[in-house]
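Below: one structure, written as structure tokens.
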Amino acid sequence: MSDMVKAFYRDILLQVLSIESRKRQVSERLLLTKSDRLRLRIIREFLSLDLDKHTLLQQAAVVGFRNQAFDILDHLRKLYGVEEYDLLPDRIREEIRHTERLLLPIVNEIKYPKSSSFFERRLIQEVNKYVTLQAREYVKVRL
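Take a look at the structure:
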């Protein structure tokens, strides 16, 4: 593996670490916020950071595959919990799509309050619960 590829991956990991640190700060704010309107904005920020993280790791996977950097690919496989190299890109894309699906109703509710259907409001409640659970885990971890 070339030094440039290693340096690129280290840079990606530093950016991911920074994002994880920001997610921890956002988590603290989320858990202390009572206002539903403000919570939606914080949830959007949390999910956007998560999306940024997966996008960066997707870039790392692409570089890893192009350069046959199996150290990087092994690390990413462990991170995403996949056994085979071929499954890694699909798993990362799945995480990106999942996060985008969670983010969409939040963004729509922020932009167009009062226009959500019953189903969308129920979905927003579930996203709120999901992100709140993640936030509780984030504040437990020291980065």
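Residue numbers (my numbering): 1253 to 1395.
The beta carbon of each residue, even a glycine, is placed where N, CA and C say it ideally should be.
Quick caveat, the model's predicted, so the values are computed rather than measured.
If you measure between the beta carbons of residue 1325 and residue 1340, is that distance less than 9 Å?
yes
Less than 9 Å between the C-beta atoms of residue 1295 and residue 1358, yes or no?
Here residue 1295 is near residue 1358, since their CB atoms are less than 9 Å apart.
Count the other C-beta atoms from every protein chain shown that fall within 10 angstroms of the C-beta of residue 1362, then say buried if there are 16 or more, exposed otherwise.
Residue 1362 is exposed by the Cβ-count criterion.
Quick one: Cα of residue 1352 to Cα of residue 1292, how far?
15 Å
Between the alpha carbons of residue 1220 and residue 1269, how many angstroms are there, rounded?
Shown here, the chain extends from 1253 to 1395; a query on residue 1220 therefore has no answer.
Is it a yes or a no for the segment 1271–1281 touching the segment 1296–1306, going by three-plus beta-carbon pairs under 8 Å?
yes
Please state the DSSP three-state secondary structure of residue 1366.
coil
Using C-beta distances below 7 Å, list every residue in its chain close to residue 1344, excluding the 5 sequence neighbours before and after it, in chain order.
1306, 1309, 1310, 1313 and 1332
Just curious, the alpha helix (DSSP H) that residue 1339 is in, first and last residue?
That residue, residue 1339, is in no alpha helix (DSSP H); it is neither H nor E in DSSP.
Which of the three DSSP states is assigned to residue 1330 in this structure?
helix
Using alpha carbons as the reference points, say which of 1367, 1350 and 1369 lies closest to residue 1382.
Of the listed residues, the one whose Cα sits closest to residue 1382 is 1350.
Does the separation of the CB atoms of residue 1265 and residue 1303 fall below 9 Å?
No; because the gap between Cβ atoms is not below 9 Å, this pair is not in contact.
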